[in-house]
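Written out below as C-alpha cells is the structure these notes cover.
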Amino acid sequence: MKELTVKELYTLDETIAKDIFEGVTYPWEVLPKISRFIVELGNTLSEEEYEKQGENIWIAKTAKVAKSASITGPAIIGKNAEVRHCAFIRGNAIVGEGAVVGNSTEVKNAILFDGAQAPHYNYIGDSVMGHKAHTGAGAVTSNLKQDHSNVTVLKDGERVETGMRKFGAMLGDHAEIGCGSVLNPGTVVGKNARVYPLSMVRGFV
Numbered sequence: 133m134k135e136l137t138v139k140e141l142y143t144l145d146e147t148i149a150k151d152i153f154e155g156v157t158y159p160w161e162v163l164p165k166i167s168r169f170i171v172e173l174g175n176t177l178s179e180e181e182y183e184k185q186g187e188n189i190w191i192a193k194t195a196k197v198a199k200s201a202s203i204t205g206p207a208i209i210g211k212n213a214e215v216r217h218c219a220f221i222r223g224n225a226i227v228g229e230g231a232v233v234g235n236s237t238e239v240k241n242a243i244l245f246d247g248a249q250a251p252h253y254n255y256i257g258d259s260v261m262g263h264k265a266h267t268g269a270g271a272v273t274s275n276l277k278q279d280h281s282n283v284t285v286l287k288d289g290e291r292v293e294t295g296m297r298k299f300g301a302m303l304g305d306h307a308e309i310g311c312g313s314v315l316n317p318g319t320v321v322g323k324n325a326r327v328y329p330l331s332m333v334r335g336f337v
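Right, here's the structure in full:
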C-alpha cells in the first residue's frame, strides 16, 4: 500500500503542518490530531506575522479574508492565503500559504497545503489537500458513509481499515479534481492525478 502513504503523496516542506505528519504512515492518521496541533502551533507563531483573533484563530497579516467569511477556531490562515466571500471555516482547519478557500466553500477538520485551492462551492471535510491540489467548482469530499460505519480505503481489491467514522479525501500534491465531482468517503487521489468532471470516485486513484 505504498501509494497511500504520506511519503508518496505529499511534499511536507510545503505546509506549516509538517510536524503533524511525523511518525505517521498514512495521511488520514493525522485527522484526529488537527485540533490540538493547531492550538499548540498557533501559540508559537510570530506576533509580527500573525494576528490572533477570537478563540484559537490565527490569521497571517498578509492573508486576505473577506468580511463575509465565517471562521471558527481552532484555525490557522497562512501567509498570502485567501478566504473569499461567504467562505465557512468550521474549525480544526489549516489553510496554507497562498491557499484559497473560495466563494461559499466549507472547510472542516482539514489541512490545505501551501497553494491548495478549493475556490468555488466546495466542501472539504476531514480531508488533506496537498501542495497546489485543486478542486473544481462544486467538487466535494463526502466524509460520512450512509450507514455510518467506519471508512475503509479500497486499493487493488483490498480494503485498508482506517478505524475512522469520518474521512473525506486525501488529495496528493498537484491533484486536479474536476467540476461537480463527488469524492466518496475514503478516497485517496495520487500525486499529479486527475479526476474528470462529474466523476463519482472512491478508493485509490
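Under the working numbering, the first residue of the sequence shown is numbered 133, with each subsequent residue one higher. We put the CB at the ideal spot given by N, CA and C, even for glycine.
Span of the beta strand (DSSP E) holding residue i?
i	result
Gly257	255-261
Leu244	238-244
Leu286	283-287
Val233	232-235
Lys184	182-184
Gly295	290-296
Leu278	Note on residue identity: the sequence assigns Gln, not Leu, to residue 278. Counting along the chain, Gln278 falls outside any beta strand (DSSP E), and DSSP gives it neither H nor E.
Ile208	207-209
His252	249-252
Thr319	319-321
Ile152	Taken as a continuous stretch (DSSP letters only), Ile152 belongs to no beta strand (DSSP E), as it is neither H nor E.
Please tell me whether residue i and residue j are closer than 8 angstroms, where the distance is taken between their beta carbons.
i	j	result
Thr282	Met296	Residue identity check: residue 282 is Asn in the sequence provided, not Thr. Their beta carbons are under 8 angstroms apart, which means Asn282 touches Met296 by this criterion.
Gly300	Ser274	yes
Tyr158	Thr176	no
Pro206	Ile170	yes
Leu286	Gly247	no
Lys150	Leu144	yes
Can you round the beta-carbon distance between residue i and residue j to whole angstroms, since I take them to be within the 8 angstroms contact cut?
i	j	result
Ser259	Ala231	Between Ala231 and Ser259 the Cβ distance is about 13 angstroms, and since that is not below 8 angstroms, they are no contact.
Ile208	Gly174	6 angstroms
Ile221	Ser202	7 angstroms
Gly223	Thr204	4 angstroms
Phe245	Glu146	5 angstroms
Which value, in whole angstroms, describes the spacing of the CA atoms of residue i and residue j?
i	j	result
Ala269	Lys323	20 angstroms
Gly186	Ser178	17 angstroms
Asp305	Asn212	19 angstroms
Lys199	Glu290	46 angstroms
Gly228	Leu303	14 angstroms
Lys139	Leu163	17 angstroms
His266	Glu180	30 angstroms
Val197	Ile191	9 angstroms
Ala225	Lys277	22 angstroms
Ala195	Tyr182	9 angstroms
Thr284	Ser167	23 angstroms
Met332	Thr319	10 angstroms
Met261	Ile189	20 angstroms
Val239	Val292	25 angstroms
Lys193	His252	24 angstroms
Glu172	Gly257	21 angstroms
Could you work out which residue in the options is closest to residue i when comparing CA atoms only?
i	options	result
Lys184	Pro159, Met302, Gly210	Gly210
Glu308	Val285, His263, Met133	His263
His217	Ala250, His280, Asn224, Ile226	Ala250
Glu135	Lys196, Val321, Ser167	Val321
Asp288	Tyr253, Asp279, Val337	Val337
Leu330	Lys298, Thr284, Val272	Val272
Gly310	Val292, His280, Val327	Val327
Tyr280	Glu172, Thr294, Leu286, Lys298	Residue identity check: residue 280 is His in the sequence provided, not Tyr. Per the Cα distances, Lys298.
Val314	Thr294, Glu293, Asn254, Val292	Asn254
Less than 8 angstroms between CB atoms is the rule here; does residue i satisfy it with respect to chain D?
i	result
Ser274	This model lacks chain D altogether, as it is built from one protein chain only.
For the alpha helix (DSSP H) that residue i lies in, which residues bound it at each end?
i	result
Leu141	138-141
Gly174	166-174
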